[in-house]
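Protein chains in written order, with the working numbering: chain F, 1 to 365; chain L, 366 to 730. Glycine included, each C-beta is placed from N, C-alpha and C at the ideal position.
Number of protein chains: 2
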Amino acid sequence: MKHEKRIDPWGTADIDDYRNLFDEFGIKPFDKFREKLSDSRYIRRGIVFGHRDFERIMECIEGNKKFVMMTGLMPSGKFHLGHKIVADQIIWYQGIGAEIFLCSADLEAYAVRGIDLETARRITIDEYLTNYVALGLTKKNLTFWFQSDYVVPYYRFRDMLTRKVTLNELKAIYGSLTPGKILSVLTQSADILHPQLPEFLGATPTVVPVGTDQDPHMRLTRDLAARFQSEFKLILPSSTYHKFMRGLQGGKMSSSEPKSYIALTDDPEVVMKKIMNSKTGGRATIREHREKGGIPERCMVYDLFLYHLIDDDEELENIYRDCRSGDNVCGECKAVCSEIMIKFLKEHQRRRKRSERIVEKILEK
Amino acid sequence: MKHEKRIDPWGTADIDDYRNLFDEFGIKPFDKFREKLSDSRYIRRGIVFGHRDFERIMECIEGNKKFVMMTGLMPSGKFHLGHKIVADQIIWYQGIGAEIFLCSADLEAYAVRGIDLETARRITIDEYLTNYVALGLTKKNLTFWFQSDYVVPYYRFRDMLTRKVTLNELKAIYGSLTPGKILSVLTQSADILHPQLPEFLGATPTVVPVGTDQDPHMRLTRDLAARFQSEFKLILPSSTYHKFMRGLQGGKMSSSEPKSYIALTDDPEVVMKKIMNSKTGGRATIREHREKGGIPERCMVYDLFLYHLIDDDEELENIYRDCRSGDNVCGECKAVCSEIMIKFLKEHQRRRKRSERIVEKILEK
Chain F
1 MKHEKRIDPW GTADIDDYRN LFDEFGIKPF DKFREKLSDS RYIRRGIVFG
51 HRDFERIMEC IEGNKKFVMM TGLMPSGKFH LGHKIVADQI IWYQGIGAEI
101 FLCSADLEAY AVRGIDLETA RRITIDEYLT NYVALGLTKK NLTFWFQSDY
151 VVPYYRFRDM LTRKVTLNEL KAIYGSLTPG KILSVLTQSA DILHPQLPEF
201 LGATPTVVPV GTDQDPHMRL TRDLAARFQS EFKLILPSST YHKFMRGLQG
251 GKMSSSEPKS YIALTDDPEV VMKKIMNSKT GGRATIREHR EKGGIPERCM
301 VYDLFLYHLI DDDEELENIY RDCRSGDNVC GECKAVCSEI MIKFLKEHQR
351 RRKRSERIVE KILEK
Chain L
366 MKHEKRIDPW GTADIDDYRN LFDEFGIKPF DKFREKLSDS RYIRRGIVFG
416 HRDFERIMEC IEGNKKFVMM TGLMPSGKFH LGHKIVADQI IWYQGIGAEI
466 FLCSADLEAY AVRGIDLETA RRITIDEYLT NYVALGLTKK NLTFWFQSDY
516 VVPYYRFRDM LTRKVTLNEL KAIYGSLTPG KILSVLTQSA DILHPQLPEF
566 LGATPTVVPV GTDQDPHMRL TRDLAARFQS EFKLILPSST YHKFMRGLQG
616 GKMSSSEPKS YIALTDDPEV VMKKIMNSKT GGRATIREHR EKGGIPERCM
666 VYDLFLYHLI DDDEELENIY RDCRSGDNVC GECKAVCSEI MIKFLKEHQR
716 RRKRSERIVE KILEK
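Below you can see the structure in the form of structure tokens.
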């Protein structure tokens, strides 16, 4: 099926690209939860498209029972709109009453990316926590930790994991290994599972929202949880899978390529330029565009509307239609996009300034 | 050189067996320190026969400067006379003013030997600490820890080590690897080096008394210390090398073979039998023994005198002569050995009962 033939303002048909995840790896489509959880824009628009064992989390949500949402941040580079997808999910889960466990993977940054712990700490605070808070994160039900600055039962548990996994298993999953990679993998599993230790919450349904590239890690962590049944009662963690934002130029959105992303601390002028230079779904000439209509599925500007800028579904649908019909040309969309984006960023950057005290409180032990 | 030709009551000539350690691996003979430190029986008798960088420790001893003696215990099986060689050295170093860092390798026991942490804790206390204290260990200048129950800077440092070593290096040193082995190796290096972290004593000369089988680990740890010069000021740890006691039957002294060792909690009756069944340096017949004389270098009973039971050098020399001349036959030596051993064990086992309170204090944080 070609993109041109799809009529789908939410891009949920893109899910076909992920079909092999369902067939080969046992990830399940998220469809059946969509209606009930439609207040989440990412769920409603199919950006969160897959899951493992989310039924268990749905039960907790509907039965008002305790559950954990666990996620980590990698303290390297700028916080951009790609990262905002996870941030928004954290905040959404916090809003519906989840216990939030939020981890700065500073040890992984140190061991695998060569970022020293002090720098990782600074990036965590300036780039991540401050933006999270400005986006709406509060201290409520929030446990935040640095991997390098945590308590004994967590470390002990991570060390215990070494007995339940072989080097060959790790090689099969992660390819060539280094001591740093092995450490990072075990730390990630401990990050996900330790909230269930007796010293923390005990056995508790846990959901981890991830990109599909992280699924092998979820599978390993679920295996490890199963292998620990005789020592601890651990519930296999659930996961949800969301799409990645593409970069503004059409490739990968990457922290190492500033043109590919909009950072939440970018200057409005810079942002305007980035949007103007974005890849769109427009035709080669305006005449052709008017005749054939644009292709919003291939448009990075449309992605910005879809993921971040336009909450109202009807409004989004109009943009989609006006593009496909050729009524709107790219310059018009870019102008609209810039205006909304800059308004959002200015407000966000104001909020950042007021976030400092809350960030301090989050960092308090 | 054949054993028979040697006239050496201390067995220091055995050092020839270790000659390749000097030539190939750069371990230095301990001879030059022997006279100055002759109050240590193991040093005086050449049981401690080699070192790396012990000059640095000698300077501290002579200059009355602070230094660390670090060692670990593996909490598996019975505490026997082989383990007593390290125990006596700990107590000797404590006596001359060293800061003692003593570690229970419970994580290694868990990750590599499949011993659960509770069992490891019990063995640490009942088999090791209680015997150490009964042998003379006190709380003075003593830092004791379980690998699984320690503080953040120690764990953080261990994790940082992952960046300074490759998997191939570890493979070259330790052969086939498992996640548990990798963990154990890094933990051992952190055990040795962490007393020098700013959160502990800062850069301090450190000596680790080990068997030669542990030398590869000392080399790795010294390499790691060198690689961390930009992050921390770490002084390369010194080491001394001591001989192992052979088993009573002539093979290896091993916790998994009760006939090979005398445990410090063995019943006197059992001990008597073990000594009576020991391999000796006696000849096939009493007549041949009287004619040719015995070979104390091949005698496990003589080892017991040499390592543990006879402090007075002249007395030991007499036993040696009377064996070589054929004046003493094995039955006589065994009887003398049994008597001294049982007297020692009875007194030791009485002391164990009085050790409980001191052990409790050592375990207090």
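Annotation: Val301 of chain F is outside any beta strand (DSSP E); the continuous alpha helix (DSSP H) that includes it extends over Met300 to Leu304. Only Thr162, Arg163, Val165, Thr166, Leu167, Leu170, Leu177, Thr178, Pro179, Gly180, Ile182 and Leu183 from the stretch 162 to 184 of chain F bring a Cβ to less than 8 Å from some Cβ of chain L.
Sequence-distant Cβ neighbours of Leu669 of chain L in its own chain, meaning closer than 6 Å and more than five residues away, are Cys702. Chain-order list of chain F residues neighbouring Ala476 of chain L: Asp159, Thr162 and Arg163, by C-beta distance under 7 Å.
Using a Cβ-Cβ cut-off of 9 Å, Arg521 of chain L counts as an interface residue toward chain F, since at least one Cβ of chain F sits closer than that to its own. Across the stretch 502 to 520 of chain L, CB contacts with chain F closer than 9 Å involve Gln512, Ser513, Asp514, Tyr515, Val516, Val517 and Tyr520, in sequence order along the chain. Within the stretch 455 to 486 of chain L, contact with chain F at the beta-carbon level (separation under 9 Å) is assigned to Leu472, Tyr475, Ala476, Val477, Gly479, Asp481 and Leu482.
Ala499 of chain L and His654 of chain L have their C-alpha atoms spaced approximately 39 Å apart.
Per DSSP, Ile465 of chain L is one residue of the beta strand (DSSP E) stretching across Glu464 to Ser469. Here the alpha carbons of Tyr493 of chain L and Met253 of chain F stand approximately 57 Å from one another. Burial check for Phe432 of chain L: the Cβ neighbour count within 10 Å reaches 16 or more, so the residue is buried. Here Arg648 of chain L has His654, Lys657 and Gly659 as same chain residues with Cβ atoms under 7 Å from its own Cβ, once five neighbours each way along the sequence are excluded.
One alpha carbon belongs to Gly615 of chain L, the other to Ser625 of chain L, and they sit about 8 Å apart. Around the beta carbon of Glu662 of chain L, 16 or more other beta carbons lie within 10 angstroms, which makes this residue buried. Less than 9 Å divides the Cβ of Lys529 of chain L from the Cβ of Arg592 of chain L. Taking a cut-off of 8 Å for Cβ pairs, the stretch 237 to 250 of chain F and the stretch 312 to 324 of chain F do not touch, as fewer than three such pairs fall below it. Going by DSSP, Leu142 of chain F is part of the beta strand (DSSP E) stretching over Leu142 to Phe146.
Contact holds between the stretch 98 to 110 of chain F and the stretch 137 to 157 of chain F, because three or more Cβ pairs, one in each stretch, are under 8 Å apart. Judged by DSSP secondary structure, Tyr407 of chain L falls outside any beta strand (DSSP E) and instead within the alpha helix (DSSP H) spanning Arg406 to Arg409. DSSP places Met160 of chain F in the uninterrupted alpha helix (DSSP H) bounded by Val152 to Leu161. CA-to-CA, the gap between Cys333 of chain F and Val301 of chain F works out to about 7 Å. Taking the C-beta atoms as reference points, Thr503 of chain L is found no nearer than 9 Å to Arg523 of chain L.
The beta carbon of Lys726 of chain L sits closer than 6 Å to the beta carbons of Lys504 from its chain, once the five residues preceding and following it are set aside; these are given in chain order. Taking one beta carbon from each stretch, the stretch 171 to 185 of chain F and the stretch 201 to 212 of chain F have fewer than 3 pairs nearer than 8 Å; the two do not touch. For Arg648 of chain L, the three-state secondary structure derived from DSSP is coil. In the three-state reduction of the DSSP assignment, Tyr493 of chain L falls in the helix class, which pools H, G and I. In the structure shown, Gly211 of chain F falls within a strand segment according to DSSP collapsed to helix, strand and coil. Residue environment analysis places Asn693 of chain L among the buried positions, since at least 16 neighbouring C-beta atoms fall within 10 angstroms of its C-beta. Relative to the Cα of Pro563 of chain L, the nearest Cα in the group L:Met706, L:Leu599 and L:Asp556 belongs to L:Leu599.
With a 10 Å radius around the Cβ and a threshold of 16 neighbouring Cβ atoms, Gln196 of chain F comes out buried. Within the same chain, and ignoring the five residues on either side of Phe30 of chain F in sequence, the residues whose Cβ sits closer than 6 Å to its Cβ are Val48, Phe49, Gly50 and His51. Chain L places no beta carbon closer than 9 Å to that of Thr124 of chain F, leaving this residue out of the contacts. Partner residues in the beta bridge of Arg611 of chain L, as assigned by DSSP, are L:Lys617. Across the set L:Asn506, L:Arg611 and L:Leu402, the C-alpha of L:Leu402 shows the shortest separation from the C-alpha of Ile422 of chain L. With a threshold of 16 other beta carbon atoms within 10 Å, Ala700 of chain L falls short and is exposed.
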